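S.K.: Residue numbers (our numbering): 10 to 188. Sharing a structure with you now.
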Amino acid sequence: MKTGNIGIRNLANIGVGDIDPYETDKRKYKAFEKTEKVKLRIGVFFDGTGNNRYNSDSVYYNTKYSNLPLKEDEIPKIKDFKSFVIESGSSYWNSYSNVALLHDLYEEKTKWEQDLKTQNLQLKFYMEGVGTLRNEEDDMIGAGMGEGENGVISRVQQACKSIADEIAKNFLSKTKNHQ
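Written out as structure tokens, the structure reads:
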């Protein structure tokens, strides 16, 4: 089954494909006959709206406030941590979501493992929840409407860029190690 320039060989093994980003035609370009198969497994964990593990780390899980769970009347109303008031109900006062916990459990293999002429690379990415940004005030427009620089589309674009950058970094380090 071929779709565009990605051919999926085994639907039970999702994420395995032959990728030819330059759309080379092997009949015309004999130099490309020798190919190296790469199996990429990428786990992308999009946290829910208003959830951000990094913000939770800085306040909710801060050792200064170790008596968990916190009660709303114990939340400081002053600018202890940031240049803005961290209000109750913001991403700073959330405990980790299940998405963040699953991200922690997902196994990442960034070393190139070779088996049967196939390179295996497994990566994981955590994406902050819509309407939040690390160490910044929560964006109510982004959270409420899913738009803007902290909206849904922006989060997907950020994930795609992060994935592409990490893959490029791994391929560059692999080629440098084999030269």
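Note that the Cβ used here is the ideal one computed from N, Cα and C, for glycine as well. Values in this document were obtained by computation on a predicted structure and should not be read as measured data.
Can you tell me whether GLY52 is helix, strand or coil according to DSSP?
M.R.: For the purposes of this step, residue 52 is taken as the residue at position 43 of the sequence shown. GLY52 falls in the strand class under three-state DSSP.
S.K.: How would you write the range of the beta strand (DSSP E) that ASN129 sits in, first residue to last?
M.R.: Sequence index remark: in the sequence shown, residue 129 carries index 120 (1-based). From DSSP, the beta strand (DSSP E) with ASN129 extends over 127-136.
S.K.: Return yes when the Cβ of GLU116 is within less than 9 Å of the Cβ of GLN131, no when it is not.
M.R.: On the sequence shown, position 122 is the one that residue 131 refers to. On the sequence shown, position 107 is the one that residue 116 refers to. It is a contact, given that the beta carbons lie within the stated cut-off.
S.K.: Just reading off the alpha helix (DSSP H) that ASP147 is part of, what are its end residues?
M.R.: Position 138 of the sequence shown holds residue 147. Looking at the DSSP string, ASP147 is not in any alpha helix (DSSP H), and its letter there is neither H nor E.
S.K.: Can you list, in chain order, the residues of its chain with a C-beta nearer than 8 Å to that of SER106? Leave out the 5 residues immediately preceding and following it.
M.R.: For the purposes of this step, residue 106 is taken as residue 97 along the sequence shown, with counting starting at 1. Cβ within range, chain order: ASP56, GLY57, ASN60, ARG62, GLY138.
S.K.: Report buried or exposed for LYS170, applying the criterion of at least 16 other Cβ atoms within 10 angstroms of its Cβ.
M.R.: Position 161 of the sequence shown, counted from the first residue, corresponds to residue 170. The residue is exposed, with fewer than 16 neighbouring Cβ atoms inside 10 Å.
S.K.: The alpha helix (DSSP H) with SER100 in it runs from where to where?
M.R.: Taking the sequence shown and counting its residues from 1, the one referred to as residue 100 is at position 91. SER100 -> no alpha helix (DSSP H), and no H or E assigned at all.
S.K.: On the DSSP letters alone, give me the boundaries of the alpha helix (DSSP H) that LEU111 sits inside.
M.R.: Mapped onto the sequence shown, residue 111 falls at position 102. It spans 107-114 - the alpha helix (DSSP H) in which LEU111 sits, taken as one unbroken run.
S.K.: Using a 10 Å radius around the Cβ and a threshold of 16 neighbouring Cβ atoms, would you call THR119 buried or exposed?
M.R.: The sequence position of residue 119 within the sequence shown is 110, counting from 1. Exposed, by the Cβ-count rule.
S.K.: Going by DSSP in three states, VAL139 sits in which element: helix, strand or coil?
M.R.: The residue given as residue 139 occupies position 130 in the sequence shown. Three-state result, VAL139: coil.
S.K.: To the nearest angstrom, report how far apart ASP66 and SER100 are at their CA atoms.
M.R.: Indexing the sequence shown from 1 puts residue 66 at position 57. Indexing the sequence shown from 1 puts residue 100 at position 91. In a straight line, the C-alpha of ASP66 is about 10 Å away from that of SER100.
S.K.: Tell me the rounded alpha-carbon separation between ILE172 and PHE134.
M.R.: The residue you call residue 172 lines up with position 163 of the sequence shown. The residue you call residue 134 lines up with position 125 of the sequence shown. Taking the straight line joining both Cα atoms gives about 8 Å.
S.K.: Count the other CB atoms, across all protein chains shown, that sit within 10 Å of the CB of ARG164; report buried if there are 16 or more and exposed otherwise.
M.R.: Numbered from its first residue, the sequence shown carries residue 164 at position 155. By the 10 Å Cβ count, ARG164 comes out buried.
S.K.: Bridge partners of LYS46, per DSSP?
M.R.: One-based indexing of the sequence shown puts residue 46 at position 37. For LYS46, which the question treats as bridged, DSSP gives the partners THR127.
S.K.: Measuring CB to CB, does ASP147 end up less than 9 Å from GLY155?
M.R.: Along the sequence shown, one-based indexing puts residue 147 at 138. Along the sequence shown, one-based indexing puts residue 155 at 146. No. Outside cutoff.
S.K.: Is the beta carbon of PHE180 closer than 9 Å to that of VAL108?
M.R.: Residue 108 sits at position 99 when you count from the first residue of the sequence shown. Residue 180 sits at position 171 when you count from the first residue of the sequence shown. No. Outside cutoff.
S.K.: Roughly how many angstroms separate the alpha carbons of THR127 and ILE176, rounded to a whole number?
M.R.: Within the sequence shown, residue 127 is the residue found at index 118, counting from 1. Within the sequence shown, residue 176 is the residue found at index 167, counting from 1. Cα to Cα, the separation comes out at about 16 Å.
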